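In our numbering, the protein residues as written are -14 to 259. Ideal Cβ positions, reconstructed from N, Cα and C, are used throughout, including at glycine. What you are looking at is a predicted structure, and each value in this text was computed from that prediction instead of being measured.
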């Protein structure tokens, strides 16, 4: 069974060395097919912070990486850079592609850049971005788990987090469901959870799930949630489609990621592919 590791909001510049080492151990033990990094890679988008983040990723020697920027990956105080070249430092560390795709035998993962240089925290997905991701999802093989990656969440569990919801999410989720997406991964609010997107009023009919990750290695913990990452396991086949989302936590002082929660998710059916 293949797996990918979903990590978010490491906020390099506020990282905890013991937790960074623990995460490296987890990756080397589980050997995921790909790493998904859903934004806020740095705390203040400095060159030094991007260099530390890149060095950490390179140290893992993982064959696949999908990274997208978060709102913290655009310079906040360097106003001229923010306006004229908001992604220059990000691109220098993680490449020019802001909406990358990872296509491996069991997973198709499509990144969507939901940051905007003129927004401090809130994110948005345009109709063009949603349609572009949907077209790529439609090319998935019948054996692949189809995943969209955003930074800001498409669903939340707490009333106080409604202000953080991704702008444009309703139409995007509808389009991605029609394109047979299974999961939408996100971060931003530093709270790990799994929610069904198909059970709410006005939501898609096809089964699709929101999967959020906590902060991977930062001191910026919220609402009592520890540092955490997700391992997503899937084995394509001709039977009932299911995947497993495992939440792995690193509690304060433990210096080890341990499996804390397991979600077994029933997935929607897929149309035959040529």
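Counted within 10 angstroms of its Cβ, other Cβ atoms place residue i as buried (16 or more) or exposed
i: residue 105; result: exposed
i: residue 151; result: buried
i: residue 16; result: exposed
i: residue 96; result: buried
i: residue 10; result: exposed
i: residue 216; result: buried
i: residue 167; result: buried
i: residue 176; result: buried
i: residue 46; result: exposed
i: residue 61; result: exposed
i: residue 14; result: exposed
i: residue 138; result: buried
i: residue 196; result: buried
i: residue 190; result: exposed
i: residue 201; result: buried
i: residue 140; result: buried
i: residue 115; result: buried
i: residue 118; result: buried
Distance between residue j and residue i (C-alpha atoms, nearest Å)
i: residue 39; j: residue 54; result: 13 angstroms
i: residue -1; j: residue 224; result: 44 angstroms
i: residue 120; j: residue 133; result: 12 angstroms
i: residue 129; j: residue 92; result: 5 angstroms
i: residue 203; j: residue 212; result: 7 angstroms
i: residue 251; j: residue 63; result: 46 angstroms
i: residue 243; j: residue 233; result: 5 angstroms
i: residue 1; j: residue 257; result: 46 angstroms
i: residue 108; j: residue -13; result: 31 angstroms
i: residue 156; j: residue 169; result: 14 angstroms
i: residue 142; j: residue 181; result: 11 angstroms
i: residue 7; j: residue 214; result: 11 angstroms
i: residue 71; j: residue -11; result: 29 angstroms
i: residue 111; j: residue 160; result: 12 angstroms
i: residue 79; j: residue 192; result: 32 angstroms
i: residue 101; j: residue 125; result: 28 angstroms
i: residue 113; j: residue 37; result: 33 angstroms
i: residue 69; j: residue 41; result: 28 angstroms
i: residue 260; j: residue 174; result: In the structure displayed, the chain extends from -14 to 259; residue 260 sits before or after that span and is not available.
i: residue 230; j: residue 220; result: 13 angstroms
i: residue 12; j: residue 21; result: 12 angstroms
i: residue 67; j: residue 94; result: 28 angstroms
i: residue 127; j: residue 226; result: 10 angstroms
i: residue 298; j: residue 187; result: Outside the modelled stretch of the chain, which goes from -14 to 259, sits residue 298, for which no answer is possible.
i: residue 184; j: residue 194; result: 10 angstroms
i: residue 238; j: residue 205; result: 15 angstroms
i: residue 35; j: residue 81; result: 14 angstroms
i: residue 153; j: residue 246; result: 30 angstroms
Distance CB(residue i)-CB(residue j) smaller than 8 angstroms
i: residue 210; j: residue 172; result: no
i: residue 255; j: residue 163; result: no
i: residue 74; j: residue 131; result: no
i: residue 98; j: residue 83; result: yes
i: residue 18; j: residue 49; result: yes
i: residue 51; j: residue 85; result: yes
8 angstroms contact criterion, which residue i and residue j should meet: CB distance rounded
i: residue 235; j: residue 4; result: 5 angstroms
i: residue 136; j: residue 179; result: That pair is no contact at about 17 angstroms.
i: residue 43; j: residue -6; result: Not really, about 20 angstroms apart at Cβ, beyond 8 angstroms.
i: residue -9; j: residue 27; result: Between residue 27 and residue -9 the Cβ distance is about 18 angstroms, and since that is not below 8 angstroms, they are no contact.
i: residue 77; j: residue 58; result: Their Cβ separation, rounded to whole angstroms, is 12 angstroms, which puts residue 77 and residue 58 out of contact at 8 angstroms.
Any C-beta of chain D under 8 angstroms from that of residue i
i: residue 254; result: In the displayed structure, chain D is absent; only one protein chain is listed.
Fill in: Runs of beta strand (DSSP E) lying entirely within the region 191 to 225, each at least 3 residues, in chain order
Runs found: 194 to 197, 212 to 219.
Practice prompt. At 4 residues or longer, and completely inside the region -3 to 36: list those alpha helix (DSSP H) runs for me, N to C.
Written response: Qualifying alpha helix (DSSP H) stretches, in chain order: 2 to 15.
Fill in: Contiguous beta strand (DSSP E) assignments of at least 3 residues, all confined to the region 27 to 88
Fully enclosed beta strand (DSSP E) runs of 3 or longer: 50 to 53.
Worksheet item: Whole alpha helix (DSSP H) runs in the region 94 to 174 with 4 or more residues, listed along the chain?
Response: You should have 112 to 122, 154 to 163.
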